[in-house]
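Below is one structure; the comments refer to it alone.
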Amino acid sequence: MTSYLVDSNVFIQAKNLHYGFDFCPAFWNWMVEQNNAGKVASIDKVAYELQAGDDELAEWAAARSDRFFLQPDDAVAAALRTVSDWASSHGYQPAAVKTFLQVADYWLVAHAMAHECIVVTHEVPADTTGKVKIPNACIGLGLRCMSPYEMLRRERARFVLESGRTAA
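Note that this note's numbering has the sequence shown beginning at 13, numbered continuously upward.
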């Protein structure tokens, strides 16, 4: 069972900020290793978002298999209704609900619900009716949600210099 499902913003911010492919390949290797161990994955809708770019991240995502970017199954299909009902009944503006139901966030939350995964995202809860935020949906549906830094600490990820090399 996959423990963590990763939101697209984690991959995007990793590439753009803290874990660029050029200076921190260990992050990307760790993600693949954890996926091989059955602990970290994402979903196909996130892969589509990442592959829409014309950059290293799009290439990295395209090189991953269905084992990394999971396809929806019958359990996810059933959970979609629950997530949709929750979003529609919690005071969000109709446009916010409509947008949520059209993006990967909706599928990510449903997949997490169906397979008891922890959602990993940079989003934080917000008291707004204009956008359905992943952490709000997770809280409302009784799912766990955390930042990528919490996941990395929880899993004791270590990104160290190669042996024989020193920091400048």
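Think of the CB as a built atom: it goes at the ideal place given N, C-alpha and C, for glycine as much as any other residue.
Could you say which of D66, S20, R79 lies nearest to Q46 if we only look at CA atoms?
R79
To the nearest angstrom, how far is it from the Cα of C89 to the Cα of L120?
The amino acid at residue 89 is misidentified as Cys; the sequence shows Ala. Whole-angstrom Cα-Cα distance: 12 Å.
Within the chosen definition, does the stretch 135-154 reach the stretch 95-111 through at least 3 CB pairs nearer than 8 Å?
Yes: the two stretches touch, three or more of their Cβ pairs being nearer than 8 Å.
Just list the alpha helix (DSSP H) runs in the stretch 81-129, keeping only unbroken ones of 4 residues or longer that don't cross its boundaries, in chain order.
List check, alpha helix (DSSP H) in window: 86-100, 106-112, 116-127.
By DSSP, does A183 sit in helix, in strand, or in coil?
As shown, the chain starts at 13 and ends at 180. That puts residue 183 outside it, with no answer to give.
Starting from L17 and walking both ways along the beta strand (DSSP E), at which residues does that stretch end?
16-18 is the extent of the beta strand (DSSP E) around L17.
Among E71, E61, M163, which one has its Cα closest to the Cα of S20?
E61
By the three-class DSSP mapping on this structure, what secondary structure does V131 have?
strand
Check whether the stretch 126-133 touches the stretch 156-165, counting contact only when three or more Cβ pairs, one atom from each stretch, lie closer than 8 Å.
yes
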